[in-house]
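Undergrad:
See the structure below:
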């Protein structure tokens, strides 16, 4: 006796014949996508005619869980108004847990978006991490300094035998 295996992707729609087995009552479907809904039915074929399809079962393949999140940054010291870029590496690269969320422990010092763009907004130190599905990345410490100013118009006054007053803008 032959058995026809039918499969559909998603929670509705047509089932398509994907395989047939002879004199066996099991079949393993491989090459499926993670975290995907599949529907299956089986029918029998005796060489003359095909039976009605069995009940339809629905299965959802397992997701590929995230193992680690690693952060790297192009610079950890910034001036107010400066920017930096964080690179987020997630393993395995084909994980299906989603996209990590980046966060700064002190947004009055530096902010970060989920694309990894860091913006220095105030003097101080902050730590940036990423998290996803219960996993947390390494910590990046960012130190923000005052923005450097240009010194000009240096002048002197009150020159005495033992001192001078300097002023500038």
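Numbering (UniProt numbering), first residue to last: 1 to 169. Where is the CB? At the ideal position from N, CA and C, for every residue including glycine.
(1) By the DSSP assignment, the beta strand (DSSP E) with residue 117 in it spans what residues?
(2) Using 8 Å for Cβ pairs, my map puts residue 157 next to residue 167. What's the rounded Cβ distance?
(3) So who's on the other strand from residue 88, going by DSSP bridges?
(4) Taking just the CA atoms, how far does residue 38 sit from residue 170?
(5) Note down the Cα distance separating residue 40 from residue 68, rounded to an integer number of angstroms.
(6) Between which residues of its own chain and residue 29 is the CB-CB distance below 8 Å, once the five residues before and five after are set aside?
(7) Under three-state DSSP, which class holds residue 25?
(8) Quick one, which of 97, 134, 140 has its alpha-carbon nearest residue 111's?
(9) Residues in its own chain within less than 8 Å of residue 79 by CB, not counting five upstream and five downstream?
(10) With residue 129 as the anchor, note down where its beta strand (DSSP E) starts and where it stops.
(11) What does the Cβ neighbour count give for residue 102, buried or exposed, with the cut at 16 atoms within 10 Å?
(12) Between residue 63 and residue 34, which are expected to be in contact by the criterion C-beta below 8 Å, what is the C-beta distance as a whole number of angstroms?
TA: Let's see:
(1) Locating residue 117 in the chain shown gives position 117, counting from the first residue. Start and end: 117-120.
(2) The residue you call residue 157 lines up with position 157 of the chain shown. The residue you call residue 167 lines up with position 167 of the chain shown. The pair is a contact, with the Cβ atoms about 7 Å apart (cut-off 8 Å).
(3) Taking the first residue of the chain shown as 1, we reach residue 88 at position 88. When beta bridges are read from the DSSP output, residue 88 appears opposite 71.
(4) With the chain covering 1 to 169 only, the question about residue 170 has no answer from this structure.
(5) Position 40 of the chain shown, counting from 1, holds the residue named residue 40. Position 68 of the chain shown, counting from 1, holds the residue named residue 68. Each residue's Cα considered, the two are about 34 Å apart.
(6) For the purposes of this step, residue 29 is taken as the residue at position 29 of the chain shown. Only 5, 7, 18, 19, 38, 40 meet the Cβ criterion.
(7) Walking along the chain shown from the start, residue 25 turns up at place 25. Residue 25: coil per DSSP, three-state reduction.
(8) What you label residue 111 is simply residue 111 of the chain shown in a count that begins at 1. Here the closest residue by C-alpha is 140.
(9) Walking along the chain shown from the start, residue 79 turns up at place 79. Contacts found: 120, 144, 145, 146, 147, 148.
(10) In the chain shown, residue 129 corresponds to position 129, counting from 1. Residues 124-132.
(11) As a working note, residue 102 is residue 102 in the chain shown. Buried, since its Cβ has 16 or more Cβ neighbours within 10 Å.
(12) Along the chain shown, one-based indexing puts residue 63 at 63. Along the chain shown, one-based indexing puts residue 34 at 34. Their Cβ separation, rounded to whole angstroms, is 5 Å, which keeps residue 63 and residue 34 in contact under 8 Å.
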